[in-house]
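Student:
Protein chains in written order, with this note's numbering: chain A, 7 to 442; chain B, 7 to 442.
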């Protein structure tokens, strides 16, 4: 019964389905780990220990319910839960008890998951950070906005946790914490019951310690059960590295990580791993993403700004006021440019490429006092709605993780997971192989 | 001060902005009308008279707040409101008091609207009808799911009300009640805070008695303020009639209405009004829409089905169980077909056509005992995400209204409103002209 908390989600669900381990024992191991580490990590907003334990015992007795039978999970506190308070990272909602689950949470429970608690999010999934620290070094940020979920999974408190990304809120914390983060295709998982920030981009996903783990999580949250089975890569893939127009911002460590990724990718590549450069007309995708996001935020949070401005941070009020300054005409034009860039990349990912590899973040996690880091290397891919997965590939000079992201065509989630797994398995490095 | 309730929304906001009428007087006129007719119509779930009156008085004293300054409105009881209970048409949520407004409602209030109350929706915006009757004949249905909003606007209880459409829930009740109903382009208005039914289709919009009214409503709900100014049609439009593959279901009255629409459209048409026939490969759009909707519903309402099956109607439980039977593979294939049909129609609406005119419903409103009517003539357009507007064009053999819908390319909302207004103005018939 020792060290059950170190099982990956996919290991755990296999053992649970065969009744080799008990859901209640796994849960207790996770609670032990949380007990030891939470005072440093501060990953959790709330824990529903008793409910979780009761459910674990019920699941241990009953028939296998689904993909995640008996698996304890953390849920980002941006997702409504009927049995745990849901504050969206804001004091405005400090005493908010939803009477329903977010659709994605209901589907997790339907698949047999045990929702152990809610994890720290930044304020409304924007930039004002919560208290969570990086499991690898507690003076650094775990990244945001899905801070608590990423930290808790990286720290073996929980095998699987939900996240959401509007700019870089899954990929960036996964990179900073050295775990697998998966943002599926835009629209794959219903966002109903998750606090809305920018509806054109808000995408749900999850964190795990392996590719198979995040496949399981998104399979259950979306209802796409076949997605859970990560198949081998049938054919070699056409792969390109994309340094993005913001490459000058990347740290040396990120540059090395990308070089290493190019080398590793070669063994699953058809021909040479190439380079993808955004056409001149699309150099501005990052700025377009930022404007659309701010414009939509100013509408999404209109109620809170009207009623509770004093309970909002200076940072977010500035974002809302910046967003309100953007003309609707500009916003519409930006949406059209996004659409046209989307059509371009879709065609490219049919005709010439299967997989793009790009940096996940500027470099290692910044210090806590400097915020949750910059989503700059995620904005374009989020704008385009493409499925992205972060893998931990190296360490930086502070000994903190450096990730890279693999990106595929819209709707090609199943292929992306296969490619990510094959990529990890192709590496001689146990860091990567352990994420397969 | 008499008959203020008969002002259209656009007439009212002009008079309010010039301080020619008082918001409180307009509100009292509406309340009078409601007092006289609600026992027959049963359009309202709740009224917030005192709050509304207090706000009207405040608005009468303060600076002009926005597009809808002082305008009383009805909000479909599928939209969250922080000051009125929100039951989504279901006994499960009978005592649900949200602590926030839906984003669209917050934006209406930001524009100065007064939310007078919540209007009847069918159960979760699906088919199980509420108590509302048709203002033209109380033994007939007003249509659904936005039953109360359509009936209240048609009956002069309120000049403007919100609606939502997943299959045909704006266009059909607008047709049955003889008013203007406007479903903008999919995604135009944030759906956050509105109970989700099928996220691929859920679209918010509104009901008014003129094209200018619904333009005002959607301008405020979306934040696209320039949309409120409905300009004249700059050029004659390329127009086609689409009878749809379900034409055999249309009543004789609907056939006559469409013939009349063809005749009327001629005066704003470039060349002859043509015919658009869905290509053979797209004859099945209606079935595809139905399957996607049922599949998504089975996920969207998973929480309710798990926790409160006994508080759900037999009809909706049947839909959920039908939806759960649809394989994810089928669902994905249907989404791809929808996408490909969308690309086809987008190209057609660039190259060959500006405007499509189609039936809104099978015919007149059915009897109350027979349900809220069939959304068959709306499903394809909803699937394609195109903006649609219903105009009342004729009466049937029972003296009940018959509508037709005008449809434009995705994103061409401003053009659609101009075309609808020009179409109405081009008619010698006061029924149509009064809707301009």
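Note that CB positions come from ideal geometry on N, CA and C, so glycine has one too.
The structure presented is a predicted model; accordingly, all values stated were derived computationally and were not measured.
On the DSSP bridge assignment, give the partners of residue 396 of chain A in chain order.
Tutor: Paired residue(s): A/187, A/411.
Student: If you compare alpha carbons, which of B/97, B/101, B/376, B/76 is closest to residue 88 of chain B?
Tutor: For the residues B/97, B/101, B/376, B/76, the minimum Cα distance to residue 88 of chain B belongs to B/101.
Student: If you run the structure through DSSP and keep just helix, strand and coil, what is residue 164 of chain B?
Tutor: Three-state DSSP puts residue 164 of chain B in coil, outside helix and strand.
Student: Looking at residue 211 of chain A: is its Cβ nearer than 8 Å to the Cβ of residue 272 of chain A?
Tutor: No; because the gap between Cβ atoms is not below 8 Å, this pair is not in contact.
Student: By the criterion of Cβ-Cβ separation under 8 Å, what are the contact partners of residue 102 of chain B in chain A?
Tutor: Neighbours of residue 102 of chain B on chain A, chain order: 105.
Student: Excluding sequence positions up to five away, which residues of its chain have a Cβ less than 6 Å from the Cβ of residue 337 of chain B?
Tutor: Around residue 337 of chain B: 301.
Student: Can you grab the Cα-Cα spacing for the pair residue 435 of chain A / residue 425 of chain A, in whole Å?
Tutor: Approximately 17 Å between the Cα atoms of the pair.
Student: Quick check: is the beta carbon of residue 188 of chain A nearer than 8 Å to any beta carbon in chain B?
Tutor: Judged by the 8 Å Cβ criterion, residue 188 of chain A is not in contact with chain B.
Student: Keeping to the same chain, check which residues put their C-beta closer than 7 Å to that of residue 138 of chain B; ignore five residues upstream and five downstream.
Tutor: Result list for residue 138 of chain B: 47, 48, 49, 126, 148, 153, 154, 157, in chain order.
Student: What is the residue span of the beta strand (DSSP E) that residue 236 of chain B lies within?
Tutor: Looking at the DSSP string, residue 236 of chain B is not in any beta strand (DSSP E), and its letter there is neither H nor E.
Student: Is there a Cβ from chain B that is less than 8 Å from the Cβ of residue 232 of chain A?
Tutor: Yes, residue 232 of chain A lies at the interface with chain B (some Cβ there is under 8 Å from its Cβ).
Student: Taking the DSSP output, what are the residues bridged to residue 281 of chain B?
Tutor: Answer is B/247, bridged to residue 281 of chain B.
Student: Quick one: residues in its chain with C-beta nearer than 6 Å to the C-beta of residue 340 of chain B, no 5 flanking neighbours on either side, listed in chain order?
Tutor: Correct list, in chain order: 294, 297, 298.
Student: Ordered along the chain, which non-local residues of its own chain (more than five positions away) have a Cβ less than 6 Å from that of residue 129 of chain A?
Tutor: Result list for residue 129 of chain A: 95, 96, 319, 322, in chain order.
Student: Output needed for residue 151 of chain B: all residues of its chain with C-beta closer than 6 Å, excluding positions within five of it in sequence on either side, in chain order.
Tutor: 127, 128, 131, 175.
Student: For a test of the three-state rule: what should DSSP assign to residue 381 of chain B, helix, strand or coil?
Tutor: The answer is coil: DSSP assigns residue 381 of chain B none of H, G, I, E or B.
Student: Between the C-alpha atoms of residue 269 of chain B and residue 241 of chain B, what's the straight-line distance to the nearest angstrom?
Tutor: Looking at the two C-alpha atoms, the distance is approximately 18 Å.
Student: For residue 329 of chain A and chain B, any beta-carbon pair shorter than 8 Å?
Tutor: Chain B, which has no Cβ nearer than 8 Å to the Cβ of residue 329 of chain A, makes this no.
Student: With residue 368 of chain B and residue 257 of chain B assumed to form a contact (beta carbons below 8 Å), what rounded beta-carbon distance in angstroms separates them?
Tutor: About 6 Å; that satisfies the 8 Å criterion.
Student: Quick check on this structure: which residue in B/227, B/29, B/291 has the alpha carbon closest to the alpha carbon of residue 382 of chain B?
Tutor: Ranking the options by Cα distance to residue 382 of chain B, first place goes to B/291.
Student: Along the chain, where does the beta strand (DSSP E) containing residue 213 of chain A start, and where does it finish?
Tutor: That run of the beta strand (DSSP E) goes 209–214.
Student: DSSP three-state call for residue 426 of chain B: helix, strand or coil?
Tutor: In this structure, residue 426 of chain B counts as helix in the three-state DSSP scheme.
Student: By the 10 Å Cβ neighbour count, where 16 or more other Cβ atoms means buried, how is residue 315 of chain B classified, buried or exposed?
Tutor: When all chains shown are included, residue 315 of chain B counts as exposed.
Student: For a contact meaning CB atoms closer than 7 Å, what does residue 279 of chain A contact in chain B?
Tutor: By Cβ distance, chain B contributes nothing, its closest Cβ being about 29 Å from residue 279 of chain A, past 7 Å.
Student: Near residue 422 of chain B, what residues of its chain come up, given a Cβ to Cβ distance below 7 Å and the 5 sequence neighbours on each side ignored?
Tutor: 393, 395, 412, 414.
Student: Does the structure place the stretch 369–380 of chain B close enough to the stretch 323–334 of chain B that three or more beta carbon pairs sit under 8 Å?
Tutor: Touching, no, given that fewer than three Cβ pairs across the two stretches are closer than 8 Å.
Student: Quick one: what's got a C-beta closer than 7 Å to residue 59 of chain A's C-beta in the same chain, skipping five residues either side?
Tutor: So the list reads 30, 33, once near-sequence residues are dropped.
Student: Would you say residue 235 of chain A reaches chain B, if we count a Cβ-Cβ gap shorter than 8 Å as a contact?
Tutor: By this cut-off, residue 235 of chain A is not an interface position.
Student: From the DSSP output, which residues share a beta bridge with residue 339 of chain A?
Tutor: None, per the DSSP bridge assignment.
Student: Which residues, in chain order, does the stretch 116–146 of chain B contribute to contact with chain A at a C-beta distance below 9 Å?
Tutor: Those would be 116, in chain order.
Student: If distances are taken between C-alpha atoms only, which option among A/140, A/221, A/201 comes closest to residue 194 of chain A?
Tutor: Nearest of A/140, A/221, A/201 to residue 194 of chain A, Cα basis: A/221.
Student: From B/177, B/65, B/231, B/201, pick the residue whose C-alpha is nearest to that of residue 420 of chain B; which is it?
Tutor: Ranking the options by Cα distance to residue 420 of chain B, first place goes to B/231.
Student: For residue 356 of chain A, return the contacting residues in chain B, with the cut-off set at a CB-CB distance below 7 Å.
Tutor: Result: empty, since nearest Cβ-Cβ is about 13 Å, beyond 7 Å.
Student: Quick one: what's got a C-beta closer than 8 Å to residue 439 of chain A's C-beta in the same chain, skipping five residues either side?
Tutor: Contacts found: 430, 431, 433.
Student: Just list the residues that DSSP pairs residue 253 of chain B with in beta bridges.
Tutor: Per DSSP, none; premise fails for residue 253 of chain B.
Student: Residue 433 of chain A touches chain B at which residues, Cβ-Cβ below 8 Å?
Tutor: Chain B residues near residue 433 of chain A: none, gap ~31 Å exceeds 8 Å.
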